[in-house]
Structure formats: structure tokens, C-alpha cells
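Each residue of the sequence shown is one higher than the one before, starting from 2 at the first, in this note's numbering. All residues carry an ideal CB built from backbone N, CA and C; glycine is no exception. Everything numeric in this text was worked out from a predicted model, so none of it was measured.
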Amino acid sequence: MRDRVAVFTVFALNGLAIGSWATRTPALAAQVHASPGVFGLALLGASVGMLAAASAAGRVV
């Protein structure tokens, strides 16, 4: 039962963090003076970079 609570807690906190971050992206884009297209490409680049890093980490480990 303790394992289930731990997994639930991690998923709940992750959901709260992503929800909080997602609602603040327009303010972040305005703060760095990025157009919607440029900001979208930056977010896409971050996602592609994370996928590449996860793939490389799998080979290393």
C-alpha cells in the first residue's frame, strides 16, 4: 500500500507542476519577447532534446 501512495503522490505533484507551468507559458513568452511561432519552436526543441537525451541515457545505462 505504501508503494501505491508514493506513486500517486509523484503523479499528483507532477500534474500540479505541469499544470502550473502550462498556465504561465504566455507570460513567459511575453517576458522574453518571443513571438508565438518562435516560442513554439523553442518548446519543440526542448522536447526533441529531452527525447534524444533519454535515448542516449538508455544506451549509457
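Remark: C-beta atoms of residue 40 and residue 30 approach each other more closely than 7 Å. Rounded to whole angstroms, the gap between the alpha carbons of residue 54 and residue 25 is 25 Å.
Collapsing the DSSP output to three states places residue 36 in coil. Here residue 51 carries a helix assignment [DSSP, helix/strand/coil].
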